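Undergrad: The numbering used here applies: residue 2 is where the sequence shown begins, and numbers increase by one.
Ideal placement from N, C-alpha and C gives every residue a C-beta, glycine not left out.
Small disclaimer: the values here were computed from a predicted structure and weren't measured.
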Amino acid sequence: MCPGSPLGCRLFSPCRPFCSAAASAENEIGDSGAKALAGALGHNGALRELRLECNGIGAEGIGALSEALRDNRALAELCLNENAAGDEGAEALSQALGDNSDLAILSLVDSGIGDAGAKALAEALAQNSGLTELGLRSNKIGDEGAEGLAEALRHNRTLTKLSLEGNQIGDAGAEALAGALRRNNTLAELWLEENRIDDAGAEALAGALGRGGRLKVLSLASNAVGDAGAEAMAEALRENSTLTMLGLGGGLGDKAAQALAGALGNNDTLTNLDLGDNHIGILGVDTLVKALEHNSALTEINLSRNDVSMDVVEGVRDILAERSCE
Numbered sequence: 002m003c004p005g006s007p008l009g010c011r012l013f014s015p016c017r018p019f020c021s022a023a024a025s026a027e028n029e030i031g032d033s034g035a036k037a038l039a040g041a042l043g044h045n046g047a048l049r050e051l052r053l054e055c056n057g058i059g060a061e062g063i064g065a066l067s068e069a070l071r072d073n074r075a076l077a078e079l080c081l082n083e084n085a086a087g088d089e090g091a092e093a094l095s096q097a098l099g100d101n102s103d104l105a106i107l108s109l110v111d112s113g114i115g116d117a118g119a120k121a122l123a124e125a126l127a128q129n130s131g132l133t134e135l136g137l138r139s140n141k142i143g144d145e146g147a148e149g150l151a152e153a154l155r156h157n158r159t160l161t162k163l164s165l166e167g168n169q170i171g172d173a174g175a176e177a178l179a180g181a182l183r184r185n186n187t188l189a190e191l192w193l194e195e196n197r198i199d200d201a202g203a204e205a206l207a208g209a210l211g212r213g214g215r216l217k218v219l220s221l222a223s224n225a226v227g228d229a230g231a232e233a234m235a236e237a238l239r240e241n242s243t244l245t246m247l248g249l250g251g252g253l254g255d256k257a258a259q260a261l262a263g264a265l266g267n268n269d270t271l272t273n274l275d276l277g278d279n280h281i282g283i284l285g286v287d288t289l290v291k292a293l294e295h296n297s298a299l300t301e302i303n304l305s306r307n308d309v310s311m312d313v314v315e316g317v318r319d320i321l322a323e324r325s326c327e
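1. Between Ala39 and the rest of its own chain, which residues show a CB-CB distance below 6 Å, the 5 nearest in sequence each way excluded?
2. Go ahead and pull the three-state DSSP assignment for Ile302.
3. Three-state secondary structure (DSSP) at Leu104?
4. Taking Cβ positions, are Leu216 and Leu182 nearer each other than 8 Å?
5. Quick one: grab the DSSP three-state call for Leu70.
6. Considering only the beta carbon of each residue, do Glu54 and Glu89 sit closer than 8 Å?
7. Nearest CA to the CA of Asp228: which residue from Ala151, Asp200, Glu236 and Thr243?
8. Compare the Cα-Cα distances from Thr300 to each of Gly131, Leu265 and Ala97 and report the closest residue.
9. Going by C-alpha distance, which of Thr243, Arg184, Lys291 and Gly167 is nearest Ala151?
10. Quick check on the burial criterion: 16 or more other C-beta atoms within 10 angstroms. Buried or exposed for Lys291?
11. Hey, quick one: how far does the alpha helix (DSSP H) through Lys141 stretch, first residue to last?
12. Have a look at Leu79, Gly180, Thr187 and Ala175 and flag the residue whose alpha-carbon is nearest the alpha-carbon of Glu194.
13. Based on DSSP bridge pairs, tell me the residues matched to Met311.
14. Taking Ile320 and Leu276 to be in contact with their CB atoms under 8 Å, please state how far apart those CB atoms are, rounded to whole angstroms.
Shown next, in the form of structure tokens:
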């Protein structure tokens, strides 16, 4: 007989032992549905992926799922995006992560999580040896939460991707994360676009991109980074040999573009440069295009929403497309 409610049986109980993925997105199952699923999850040894985004699940339902995670050793990916976990739900999940080293991917996009919830997850992250990706995009995490996560990264050796886009992180949080990157050789992707980071934060992160780092993706698009921050990143690119994608945005002008163009001649690993939503004019674009003559690695440059026409933007894309066909 299947444990839990009929809903739990339908989705992933032992009555369906070969089911490896289950999705119940946008069904408004709420806390009661989540609790029913949790009852089945605790006894399931086959399910690898569970997606419950946009279901009206609150802290109570998240708490029930967290309890089930303590006993479940099969689930590798849990997506709870666009629910109402809040700090209380994040704290419940953090406790589960203390007992579970099998979950590899946890996504909590747009879940109402603030600094307290981020710090709770950070405490678990410092001890957890299984999680490889943590998604916290579009929450309410500020510098305090970022500082907590940074401290966790100093000790964690398994997380490879941390998504913090669309939060409230400023320079203090960015500086803390930069300090952590100097000691962490595992994190490969750090997504920080649409925060409140300006030149000071960008300069700190640039300082962490020297030789020996493992970071491959760093996105600071749609922040308040200006020419000084871009110039610091350009200097870092001259020495860095691991970064493949860099995003910078908010206040870059022609001076920033010229600095980055100068660095491209000394860098053969960066393949994607996102400079969208800035104030780069035709002079800066022209300098970047000329830099491509001495750089064969770059395959993509985003220059949309700058101070040039779309014809110019598309012209740069055409140049890159022609290079890739050669």
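TA: Reading from the atomic positions:
1. Exclusion of the five residues before and after Ala39 leaves Ala65, Leu66 and Ala69 as the residues of its chain whose Cβ lies within less than 6 Å of its Cβ.
2. Assignment of Ile302 by DSSP, reduced to helix, strand and coil, places it in the strand class.
3. Correct three-state label for Leu104: coil.
4. Cβ atoms of Leu216 and Leu182: closer than 8 Å.
5. In this structure, Leu70 counts as helix in the three-state DSSP scheme.
6. Against a cut-off of 8 Å, the Cβ pair of Glu89 and Glu54 comes out as no contact.
7. Closest option to Asp228, Cα to Cα, is Asp200.
8. Ranking Gly131, Leu265 and Ala97 by Cα distance to Thr300 puts Leu265 first.
9. Residue Arg184 is the option with its Cα nearest to Ala151.
10. So Lys291 ends up on the exposed side.
11. Premise fails: Lys141 is in no alpha helix (DSSP H) and is neither H nor E.
12. Taking only the C-alpha atoms, the option nearest Glu194 is Ala175.
13. The bridge partners DSSP lists for Met311 come to none.
14. 15 Å between Cβ atoms; not a contact.
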